[in-house]
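Residue numbers (the numbering used here), protein chains in the order written: chain A, 114 to 226; chain B, 1052 to 1164. A virtual CB, placed ideally from N, CA and C, is assigned to each residue, including glycine. The model shown is predicted, which means the values in this text are computed figures rather than measured ones. The next block holds one structure in the form of structure tokens; read it before the comments.
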């Protein structure tokens, strides 16, 4: 079955620490990749997306992600986290040309001030 | 302001009592979708619609119905709610296929007793 895996379910970091959240998917073929963030009590917002071209994409708030096709991965990174980055992060994958998205189970990030 | 709205935001109901959660978008988007969010399971797609009168099942459609009679509205109907449908529900819209990011509504927290 097609799936999206986020192996880190809970991450706790201190401010200024570096962040890397893993995302792996099991689709074959061409995919569109997304990272969304959900701040406490809020709806999901787009952090960044990848469709084609440069596999290193930059998003809002200093986040970036790297698409490694050979590893079916799209990991999210931030060099230095802030307390305000405390949120739940979701990786999502959609097969190109379709209308179906599959979301990962999410990673809860807590940043300690 | 471009947005996706959902009503109600909170709902407590009893088993078997039919309910409808409304979703409306003002961005003239063709694509709309419903998700449920459960702890440890992330977001799972219930139904989606590619355009007016065109809908399809997502990964967890059992117990739900949808309709798309107008482009802006995509209501979610629970004909006979059961406790296992207690969840947080999100509506989303986008301009088209998975090439585009989705815009999410604020969520509806449903409790079925």
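Exposure label - residue i; buried when at least 16 CB within 10 Å
i, result
"residue 1105/B", "exposed"
"residue 281/A", "The displayed coordinates of chain A run from 114 to 226. Any statement about residue 281/A would go beyond what the structure contains."
"residue 1065/B", "exposed"
"residue 1147/B", "exposed"
"residue 148/A", "buried"
"residue 1132/B", "buried"
"residue 181/A", "exposed"
"residue 1164/B", "exposed"
"residue 1136/B", "buried"
"residue 1161/B", "buried"
Beta-carbon proximity list for residue i, same chain, < 8 Å, skipping 5 on both sides
i, result
"residue 102/A", "Chain A is shown from 114 up to 226; residue 102/A falls before or after that span and cannot be answered."
"residue 1119/B", "1083, 1100, 1102, 1103, 1104, 1105, 1106 and 1125"
Beta-carbon contacts of residue i that lie in its chain and below 6 Å, excluding the five residues immediately before and after
i, result
"residue 169/A", "179"
"residue 116/A", "139"
"residue 152/A", "200"
Close-in-space but distant-in-sequence residues of the same chain around residue i (CB under 7 Å, 5 per side omitted)
i, result
"residue 212/A", "none"
What are the residues of the region 135-169 of chain A that lie near chain B, defined by any Cβ-Cβ distance shorter than 7 Å?
Going along the region 135-169 of chain A in chain order, one finds 145, 147, 156, 157, 159, 162 and 164 with a Cβ nearer than 7 Å to chain B.
Within 8 Å, do at least three Cβ pairs link the region 1115-1134 of chain B to the region 1076-1092 of chain B?
Taking 8 Å as the limit for Cβ pairs, the verdict is that the region 1115-1134 of chain B does touch the region 1076-1092 of chain B.
The region 188-208 of chain A: positions lying closer than 7 Å to chain B by Cβ
From the region 188-208 of chain A, only 203, 207 and 208 have a Cβ closer than 7 Å to chain B.
Give, in chain order, every residue of the region 1088-1115 of chain B whose Cβ lies closer than 8 Å to some Cβ of chain A.
Of all residues in the region 1088-1115 of chain B, only 1091, 1092, 1093, 1094, 1095, 1096, 1099, 1101, 1107, 1109 and 1110 come within less than 8 Å of chain A when Cβ atoms are compared, listed by chain position.
Cβ contact (3+ pairs, closer than 8 Å) linking the region 1053-1060 of chain B and the region 1097-1117 of chain B
Not touching, per the Cβ criterion.
Ordered list of beta strand (DSSP E) runs contained in the region 123-168 of chain A, each at least 3 residues
Taking only runs of at least 3 residues, the beta strand (DSSP E) segments lying wholly in the region 123-168 of chain A are 123-127, 132-134, 144-151 and 158-163.
Check each residue of the region 1129-1152 of chain B: if its Cβ is closer than 7 Å to any Cβ of chain A, include it; give the result in chain order.
Listed in sequence order: 1141, 1148, 1149, 1150 and 1152.
Which runs of the beta strand (DSSP E) fall wholly inside the region 1136-1163 of chain B and span at least 3 residues, in chain order?
Those beta strand (DSSP E) runs which fall completely within the region 1136-1163 of chain B and span 3+ residues are 1138-1145 and 1159-1163.
For the region 1075-1087 of chain B, which residues have a CB atom closer than 7 Å to at least one CB atom of chain A, in sequence order?
Correct list: 1082.
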